[in-house]
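Below: the structure, in structure tokens.
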Amino acid sequence: MGGRVIFTVIMAVMLVSITYGSAQVTSPTPTTPVVAPPPSSATNASQEFVDAHNQARKDVGVGPLKWSETLAKSASLTVRYQRDNRNCSFADLSNSQYGGNQLRASGVAVPPRTAVGIWVSEKQYYDYGNNTCTQGRSSCGVYTQVVWKNSVELGCGQAQCVKERSSLTVCFYNPPGNVVGEKPY
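Dropping the structure here:
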């Protein structure tokens, strides 16, 4: 019981320091030098991203996403550029050709399943009937991008920002979701 309480408190503290965002994107991001992730963790992380996304999609009757090395390379370039040049701040995804979700966490490295889980937790703020975020909430777009029915490919990247004591996660989706006037599923 005591361990469960401590875990709950730790998770609550982590969530307080996490921010996230979503963007519909329309053109490619600029290329920058890439630092490859460790080979042993890349496959596990990519599978964890895919599994977490596909569980959320299955829950609403949407087909699975497939991992895209092209999207993963673009996401990796983006997070590393933000780490190296922008103090791990959110990337401007408005000019990207892909749909995108971002998560910045202070003081912690965020496992892929946790990052996706945070985006999916925004489901509670999505009103399917009106196809809008509930009143006073504007952050359910990260959830709708995860479950967007027309998106079929996924690629993600993560960077640890030691100086800022934070991490940044970016996932790209192709084709992009969050099309104005359309429901995600």
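With mature numbering (1 follows the signal peptide of the UniProt record, and there is no 0) applied, the sequence shown corresponds to residues -23 to -1, 1 to 162, in that order.
C-beta atoms are modelled at their ideal positions from N, C-alpha and C, and glycine is treated no differently.
Q: Could you have a look at Ala22 and say whether DSSP puts it in helix, strand or coil?
A: Note: Ala22 maps to helix in three-state DSSP.
Q | Beta-carbon contacts of Ser144 that lie in its chain and below 6 Å, excluding the five residues immediately before and after | A | The answer, listed in chain order, is Ala82, Ala86, Val87 and Gln137.
Q: Would you mind giving the Cβ-Cβ distance between Ala33 and Val124, rounded to the nearest angstrom? I have them listed as a contact below 8 Å.
A: At roughly 6 Å, the Cβ-Cβ gap stays under 8 Å, so Ala33 and Val124 are in contact.
Q.
Once the 5 residues before and after Pro161 are set aside, which same chain residues still bring their CB inside 7 Å of it?
A. Closer than 7 Å at Cβ, skipping near neighbours: Thr121, Val124, Trp125, Lys126 and Gly154.
Q. Beta carbon of Trp44, beta carbon of Ser23: below 8 Å?
A. Closer than 8 Å, so yes.
Q) So is Thr135 buried or exposed if we call it buried at 16+ other beta carbons inside 10 Å? A) Strictly speaking, residue 135 in this sequence is Gln, with Thr absent from that position. With 16 or more Cβ atoms within 10 Å of its Cβ, Gln135 is classed as buried.
Q: Please state whether DSSP places Leu54 in a helix, a strand or coil.
A: DSSP places Leu54 in helix when its eight states are reduced to three.
Q.
Let me check understanding here. Comparing Cα to Cα, which of Arg90, Val156 and Cys133 lies closest to Phe149?
A. That would be Cys133, whose Cα lies nearest to the Cα of Phe149.
Q.
Let's test the definition: count the other Cβ atoms within 10 Å of the Cβ of Tyr105 and tell me whether it reaches 16, buried, or not, exposed.
A. Exposed, by the Cβ-count rule.
Q) In three-state terms, what does DSSP make of Val119? A) DSSP places Val119 in the helix class (H, G or I) of the three-state scheme.
Q. Using DSSP with H/G/I as helix, E/B as strand and the rest coil, what is Asn151?
A. It is a strand residue.
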